[in-house]
């Protein structure tokens, strides 16, 4: 058995996972304010111990998914939590002495989908998560591919030169157009341009009530402005996915994140149509399966648990 | 020792390569018209035998780089030569009975650079070749990564949505802007817009005398129109390379093809400046080395020879 820990931007989660990837027991708590890494390590060890409970003796290793960069047993940095060069493995083991494996959270999610989700049985998988940004993870022949450590920054491929500025420093990054936040921004712009749109009724004109599903909802009710937004969003999403398919030609490309729960006919089907038509393999050769990620919010913790198995 | 064969669009080349990747002996002839695959197999076997000469008994395997897609011992199709589903391994072995490994030519070039060129000693390499199109090959931990078989179509990532139509079916593909042909087209367009440009003098106004080096040459002599073309070219080249670095974060990204022979300060240095500034790893983490490919036209035959070693 393996323990998986998912350090999210909002929640901490620990889970006990068996050989088949089944999540047997979980512990979850809000991240809250993290000022002291030693304290975080102690909390994580406590949660892991609680998730393992009476099975602790059977646990072979602990995997930890971190929203940032890791190297060996060290968290190099994280995006949301102020941590830089934290020797997390050592800190954690002072509380719970088991082999510890650190990984990037998007990589862990991809590993989870590879072993027991949308990629089960495949040899190469690319998993993308449409959220605030676009996370990406790649698993080839059972191993996370990370290059020099930061591979998979799929959200930061430019799809619109000179386009919307991105905090990363470039302009026109994919995640400015095809993430949930990108869709939200485009929906808001459509509202500003179309005072007659149903989007106003649905949101009450409030930015806080606008989310990744709003445009799809209004489009289903026939709103023209919303339809146009969805069309634009799908084009951008498909443009980036086709790029990934042409570069990596994986057996499976899994799409996760809240937006991936949109109805098949509204999102996945039109995206697939564009990718199938535009990808290089359309000229012959096997086609990448573009599918919905299956593990939802559990992908991270399951994948983290599998870190020990794949290294 | 290993035999490598490079089936190019213009020439056929066979070479004998030792364990260290040194090319000991080569045979080269023009491709000519290929109507019969059996005849091509016989020619290739003859060239291989000639390259091996008295060392034939020491040859462990034959690798073959093909401009197209392969699967096992079969050439699925090639772009320039009319071949579809050709059982090349069987055909070749009926003339020279050695283990045969087929690979894509861009993959072979990457493998050559990985083992004994720009990537010597590294763990992950992406090699791109700026020619008629942009070829791409990836080698991770000594193995060619090919996904479902057609990975590495880096030239067909869209960098300019709605841009120049590409024969692949998409619009705005990277190779329409950053290949040698793309540069040639942009140079010609600059000539049409600038009758006063030095480009007219250098080329005598003839399309045939225009090549990937023309704009760089005129720019060095101070021609404004040519400078603008070079600037645009470098921006597009760097945009795609930064995308690749963000996605794959390889230890080495090697640039090959005729254009890569431009002076360091005209091409590689400005490209590197943009990539270093724009890549995600600029925020921390190790940086990809963006370098010139070192093996030139030999990369394909050396890499093909190494196919047997890496499988």
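Chains as they are written, first to last, in my numbering: chain A, 1 to 311; chain B, 1001 to 1311.
Backbone N, C-alpha and C define an ideal beta-carbon position, used for all residues, glycine too.
Report the partner residues of residue 22(A) according to the DSSP bridge assignment.
-> According to DSSP, which records beta bridges pairwise, residue 22(A) is partnered with nothing at all.
Considering only residues of the same chain and omitting the five flanking positions on each side of residue 1096(B), which have a CB-CB separation below 8 Å?
-> Once the five neighbours on either side are set aside, the close Cβ partners of residue 1096(B) are 1045, 1048, 1049, 1062.
Please state if the CB of residue 1152(B) and the CB of residue 194(A) are separated by a distance shorter than 9 Å.
-> Cβ atoms of residue 194(A) and residue 1152(B): not closer than 9 Å.
Cβ-Cβ distance between residue 1226(B) and residue 1197(B) below 9 Å | In this structure, residue 1197(B) lies closer than 9 Å to residue 1226(B) by Cβ.
Comparing the C-beta of residue 151(A) with each C-beta of chain B, is any distance below 9 Å?
-> Nearest CB-CB separation between residue 151(A) and chain B: below the 9 Å threshold.
Hey, is the segment 1157–1176 of chain B in contact with the segment 236–255 of chain A, meaning 3+ C-beta pairs nearer than 8 Å?
-> Contact holds: three or more Cβ-Cβ distances are below 8 Å.
Hey, could you find the ends of the alpha helix (DSSP H) residue 1093(B) is sitting in?
-> Annotation: the continuous alpha helix (DSSP H) that includes residue 1093(B) extends over 1088–1093.
In chain order, which continuous runs of the beta strand (DSSP E) of length 3 or greater are located wholly inside the segment 1006–1064 of chain B?
-> As for any beta strand (DSSP E) of minimum length 3 sitting wholly inside the segment 1006–1064 of chain B, the runs are 1011–1017, 1023–1030, ordered along the chain.
Look at the alpha carbon of residue 190(A) and the alpha carbon of residue 161(A), and state the distance between them as a whole number of angstroms.
-> Going by the C-alpha atoms only, they are around 21 Å apart.
Just grab the DSSP bridge partners of residue 1071(B) for me.
-> In the DSSP output, where bridge partners are listed per residue, residue 1071(B) has 1074(B).
The segment 63–74 of chain A / the segment 101–109 of chain A touching (three or more Cβ pairs under 8 Å) | In short, these stretches touch, since the Cβ pair count reaches three.
In chain order, what residues of the segment 1159–1174 of chain B put their CB closer than 7 Å to some CB of chain A?
-> Taking 7 Å as the Cβ-Cβ cut-off against chain A, the residues of the segment 1159–1174 of chain B that qualify are 1159, 1160, 1161, 1168, 1169, 1170.
Starting from residue 69(A), find everything on chain B with Cβ-Cβ shorter than 8 Å and list it in chain order.
-> Those within 8 Å of residue 69(A) in chain B are 1284, 1285.
Does any residue of chain A bring its CB to less than 9 Å from the CB of residue 1233(B)?
-> At a cut-off of 9 Å, the C-beta of residue 1233(B) has no neighbouring C-beta in chain A.
Separation of residue 1293(B) from residue 302(A), as counted between CA atoms | Here the C-alpha atom of residue 302(A) lies approximately 41 Å from the C-alpha atom of residue 1293(B).
Endpoints, alpha helix (DSSP H) assigned at residue 1191(B) | Note, residue 1191(B): alpha helix (DSSP H), 1180–1193.
Where do the ends of the alpha helix (DSSP H) carrying residue 1310(B) lie?
-> Note, residue 1310(B): alpha helix (DSSP H), 1299–1310.
In three-state terms, what does DSSP make of residue 233(A)?
-> Helix, per DSSP.
With a Cβ-Cβ cutoff of 9 Å, do residue 216(A) and residue 273(A) count as a contact?
-> Not a contact, by the Cβ cut-off of 9 Å.
Cutoff 8 Å; reference residue 180(A); Cβ partners in own chain excluding five residues on either side | Here the set comprises 130, 131, 132, 211, 212, 257, 258, 259.
Output the distance between the C-alpha atoms of residue 42(A) and residue 92(A), rounded to the nearest integer angstrom.
-> Each residue's alpha carbon lies about 7 Å from the other.
At least three beta-carbon pairs within less than 8 Å, the segment 1135–1144 of chain B to the segment 1023–1041 of chain B | Not touching, per the Cβ criterion.
Cβ of residue 289(A) within 9 Å of Cβ of residue 252(A)?
-> Yes, they are a contact pair.
Got a sec: which bits of the segment 1086–1104 of chain B sit with their beta carbon under 9 Å from any beta carbon on chain A, in order along the chain?
-> Here the close residues number zero.
Selected residue, minimal CA-CA separation from residue 1012(B), among 1298(B), 1310(B), 1309(B) | Comparing Cα positions, the closest option is 1298(B).
Proximal residues to residue 1187(B) (C-beta, below 8 Å), its chain only, five neighbours per side dropped | Same-chain partners within the cutoff: 1199, 1210, 1214, 1215, 1226, 1229.
Using a beta-carbon distance below 9 Å, is residue 1277(B) in contact with chain A?
-> At least one chain A Cβ lies under 9 Å of residue 1277(B).
Quick one: does residue 1280(B) have its CB under 9 Å from some CB of chain A?
-> Any Cβ of chain A closer than 9 Å to the Cβ of residue 1280(B) would place that residue at the interface, and such an atom is present.
Beta-carbon neighbours of residue 1248(B), restricted to chain A and to distances below 7 Å = Against residue 1248(B), the close residues of chain A are 147, 151, in the order they occur along the chain (beta-carbon pairs closer than 7 Å).
Would you kindly work out how many angstroms separate the C-alpha atoms of residue 1081(B) and residue 114(A), rounded to a whole number?
-> Going from the Cα of residue 1081(B) to the Cα of residue 114(A) covers about 38 Å.
Would residue 1144(B) pass as a contact of residue 1110(B) if the rule is Cβ separation under 9 Å?
-> At the C-beta level, residue 1144(B) and residue 1110(B) come within 9 Å of one another.
Chain A beta carbons: is any one of them nearer than 9 Å to that of residue 1066(B)?
-> At a cut-off of 9 Å between beta-carbon atoms, residue 1066(B) makes no contact with chain A.
If the cut is a Cβ gap below 7 Å, which residues of chain A does residue 1288(B) touch?
-> 148, listed in chain order.
Candidates 1221(B), 1002(B), 1281(B): closest to residue 1098(B) by CA position = Measuring from the Cα of residue 1098(B), the nearest candidate turns out to be 1002(B).
Contiguous beta strand (DSSP E) assignments of at least 3 residues, all confined to the segment 1100–1147 of chain B | List check, beta strand (DSSP E) in window: 1100–1104, 1124–1130, 1134–1140.
Proximal chain A residues relative to residue 1156(B), where beta-carbon distance stays under 7 Å | In chain order: 246, 280.
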